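Contents: one structure, followed by commentary.
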Amino acid sequence: RMTMQRTTAMGAIDGQTLRDQVRQMKSYVIRHLPDLLEALEARLTENGAVVHWARDAAEANAIILDLARRNNVQTVVKAKSMATEEIHLNGALEGAGIRAIESDLGEYIIQLNHEPPSHIVAPVIHRRLEDIAAILQRTLDMPPTLDPEAMCALARAKLRQEFLTAEMGVSGCNFAIAETGTVCIVTNEGNGRFTSTMPRLYVALMGIEKIVPTVEDAFLQYQALCRSTSGQQTSVYLSMTSGPRKPGDSEGPEEFHVVLLDNGRSRMLAEGYGEALMCIRCGACLNTCPVYREIGGHAYGSTYSGPIGSVISPLLSMAVTGADQLPHASSLCGACRDACPVKIDLPRLLLNLRRDQVQQGQSPLFDNVAMKSFVHTMKSRRRYENAGKLASLGTNLMAGFAGGNLHYLPPPLSAWTESRDFPPFAQKSFRELWRERRSRRGYIAGGHR
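Structure, rendered in structure tokens:
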């Protein structure tokens, strides 16, 4: 559905021209990133904001925790932010005795269920309506119902109280404008506006790549983001914050802090993966990826899933178990590249990561042996057919003892059977079946009957 909505929205305008324009702008940003960041810092400081630089997740968490402690913060409300997921901010806050409340509805639901998001845009997409109802009944004492409006009303009432009492608001940043020193967050629920205006202390955490040069560039990216994320012409809310509340203002934070997060991004740029920093986090590549659609976001074991996650997770400074395997979690079909509003060549980046692993001697011994064996087998028709017969005989014998599919295979193939059964190889190859079919229909070698 999300893919269809995106296709319709991009088709309603000259989508290819928009993609070209956004790519050109983001390419400029990556080439001039240091200068743009200095300009952003200068404008924000002039506006009365305080800018912090964080080299990694530990520094970012320390900065935000220090701000919370100095302001006697007991409760933090958070707008949706993948950057805070990246640095595991919630855990750091809770470890310091500070309540962290997600205010995006999807994030709020999975927080109640102690789950990470499974999609960078739709965090609860992996849950059915019945699952969500059960979560709300268990955690918020909701009366039994499957009415989405009733569920939203309950969550709205609970979150409204949190907004009214929280001393600190934390959000991510969809893009920041260097020209004016403005942090922009895009939402459909209004929680971003509450987070950035109601608490007396507001902190925006942004990756250093989340920057655009001018206001005109901001609305160019905004148009691409809305159409490519949810198929909307515009989002319901676009919240823009340039500084703290000034005398005479009716709303806004008393203090505004911006934390610029590196966490491996500079290394990505230096090592030739700057194109991945052009991502605007729309989620289009996830929605079209056959691998993501089959296994879901949690299977990646990383904050960022799908094709873009398979590229940036091994490069960012995140402790992700098995991140080096993510570049291989792709069919390289190119659907992600075709869907990306910035035309990021994700298949090429994935291949480059695989190449780097081989050149650095990081590829597992089994992979090397398996690939050499595969090449040797495929160079000979006889070896190929014999290997197929051997695999068929072996797996069918094992399946016979197992009573169907194979439930266990020895390492390293056990990584497959830990989560799903392995079907036995076909007893006859396609070539053998084709020969039999031709024989039954009266075909003879060299032509028709």
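Here the sequence shown is numbered in the numbering used here, starting from 3 and rising by one per residue. Cβ atoms here follow ideal geometry from the backbone N, Cα and C, with glycine treated the same way. The model shown is predicted, which means the values in this text are computed figures rather than measured ones.
Check, Outcome
"What are the start and end residues of each continuous alpha helix (DSSP H) run of 4 or more residues lying completely inside the region 313-368, in chain order?", "337-341, 348-361"
"N176: buried (16+ other C-beta within 10 angstroms of its C-beta) or exposed?", "buried"
"Mind checking whether T9 and G233 have CB atoms under 9 Å apart?", "yes"
"Using 10 angstroms around the beta-carbon of A180, count the other beta-carbons present and answer buried if the total reaches 16, otherwise exposed.", "buried"
"Taking I112 as the reference, give the member of G97, I100, E87 with the closest Cα.", "E87"
"Is the distance from the Cβ of Q225 to the Cβ of Q235 below 9 Å?", "yes"
"Can you tell me where the beta strand (DSSP E) with G171 in it begins and where it stops?", "170-173"
"Please determine if the region 132-148 and the region 83-100 are in contact, where contact requires at least 3 C-beta pairs separated by less than 8 Å.", "no"
"Note down, one range per segment and in chain order, each beta strand (DSSP E) of at least 3 residues found wholly within the region 6-80.", "52-56, 77-80"
"Report the three-state DSSP secondary structure of M153 (helix, strand or coil).", "helix"
"Could you give the distance in angstroms between the alpha-carbon of E438 and the alpha-carbon of Q429?", "14 Å"
"Tell me which residue opens and which closes the beta strand (DSSP E) that M270 is part of.", "Here M270 belongs to no beta strand (DSSP E); instead the alpha helix (DSSP H) covers 267-272."
"Spatial neighbours of R451 within its chain, please: CB distance less than 6 Å, with the 5 preceding and 5 following residues excluded, ordered by chain position.", "Model confidence at R451 stands at a pLDDT of 46, short of 50, so the residue's coordinates are unreliable; what they give is reported in the following sentence. So the list reads G444, once near-sequence residues are dropped."
"What would DSSP say about R451, mapped onto helix, strand or coil?", "In this predicted model, R451 has a pLDDT of only 46, less than 50, meaning its place in the structure is not dependable enough to derive any value."
"For C287, does the three-state DSSP call read helix, strand or coil?", "helix"
"Out of A60, L334, S29, state which residue places its alpha-carbon closest to the alpha-carbon of M320.", "A60"
"Spatial neighbours of L42 within its chain, please: CB distance less than 7 Å, with the 5 preceding and 5 following residues excluded, ordered by chain position.", "A178, A180, G183, I213"
"Over the uninterrupted beta strand (DSSP E) stretch that includes G192, give me the two end residues.", "First-last for G192: undefined, no H or E at that position."
"S416 by DSSP, collapsed to three states: which one?", "helix"
"Buried or exposed, going by whether 16 or more other CB atoms sit within 10 Å of the CB of H116?", "exposed"
"Output yes or no for whether 9 Å exceeds the beta carbon distance between R339 and P349.", "yes"
"Could you tell me the distance, in whole angstroms, from the CA atom of F165 to the CA atom of I210?", "28 Å"
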